[in-house]
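Numbering (the numbering used here), first residue to last: 234 to 498.
Below: the structure, in structure tokens.
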């Protein structure tokens with residue numbers, strides 16, 4: 234046959250016998266496979282034979298290998314299932330929603346591409362008294378901040394820890410500054426609750442009246458600093474006493490009021 238076809242030693246040929254239509258189809262596949270080999274070995278799963286050769290077993294996973302799963306019972310897609318199915322929001326809609334919630338464009342973009350996205354939306358919808366910005370910042374940066382400030386591994390923190398911490402903030406039991414302290418405690422003690430962490434760290438929120446008394450006592454104990462209106466130093470002394478127990482902005486506001494009253498007195 235090679236002589237009749239004038240084949241050279243390096244040539245090859247395919248000799249097929251059978252139905253003309255099936256042979257043509259088979260040759261088309263062979264031609265396509267030959268073209269593929271010119272580009273490189275085709276990726277496929279092959280089985281080892283006893284004689285040391287290999288034969289094709291199946292193609293590699295991909296769109297062309299999609300077929301019904303034979304090990305599971307077929308699921309009938311009913312109209313009821315279709316009605317219940319929710320189409321996920323597009324990235325553009327999510328960003329617009331986050332901006333309405335008060336997030337900056339930068340923070341909204343970070344959250345959109347974060348693995349904390351679903352948890353954020355869940356918690357933001359759950360706690361209406363907590364600013365979504367606080368939730369977003371905590372989810373994105375708390376772990377790094379805990380590592381930096383407390384030198385603590387935060388891999389033990391899970392969604393439940395964040396949820397419990399924000400629940401305390403939502404109920405006004407703690408100040409927003411206490412969230413990171415509670416999360417750091419839970420990172421070290423993952424089996425504790427946020428409520429236990431709050432008690433152990435003595436981070437229960439104080440009232441405005443209690444804050445005013447602490448400010449007044451601090452001013453009386455540091456009369457020279459008070460007379461010179463050393464706001465920064467006095468603020469630092471106050472933060473040592475009440476950090477995490479009331480919002481820092483409120484502390485600063487009340488301290489300024491108290492210093493002004495001392496000046497006029």
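Glycine included, C-beta positions come from ideal geometry on N, C-alpha and C.
Residue nearest to residue 484 within the set 495, 439, 344 is 439 (criterion: CA-CA distance).
Between residue 356 and residue 396, the gap from beta carbon to beta carbon is short of 8 Å. DSSP links residue 281 through a beta bridge to 287. The segment 368-388 and the segment 408-426 touch, with no fewer than 3 CB-CB distances between them shorter than 8 Å.
With a cut-off of 8 Å on Cβ pairs, the segment 421-429 is not in contact with the segment 451-462, counting fewer than three such pairs. With the rule of 3 Cβ pairs closer than 8 Å, the segment 403-411 counts as touching the segment 470-482. Rounded to whole angstroms, the separation of the alpha carbons of residue 313 and residue 323 is 24 Å.
A distance of 8 Å or more separates the beta carbons of residue 245 and residue 260.
It is roughly 23 Å from the alpha-carbon of residue 272 to the alpha-carbon of residue 257. Within the same chain, 415, 418, 419 come within 7 Å of residue 430 by CB-CB distance, once the 5 residues on both sides are set aside. Your pair residue 392 and residue 352 checks out as a contact, with CB atoms roughly 5 Å apart and the cut at 8 Å.
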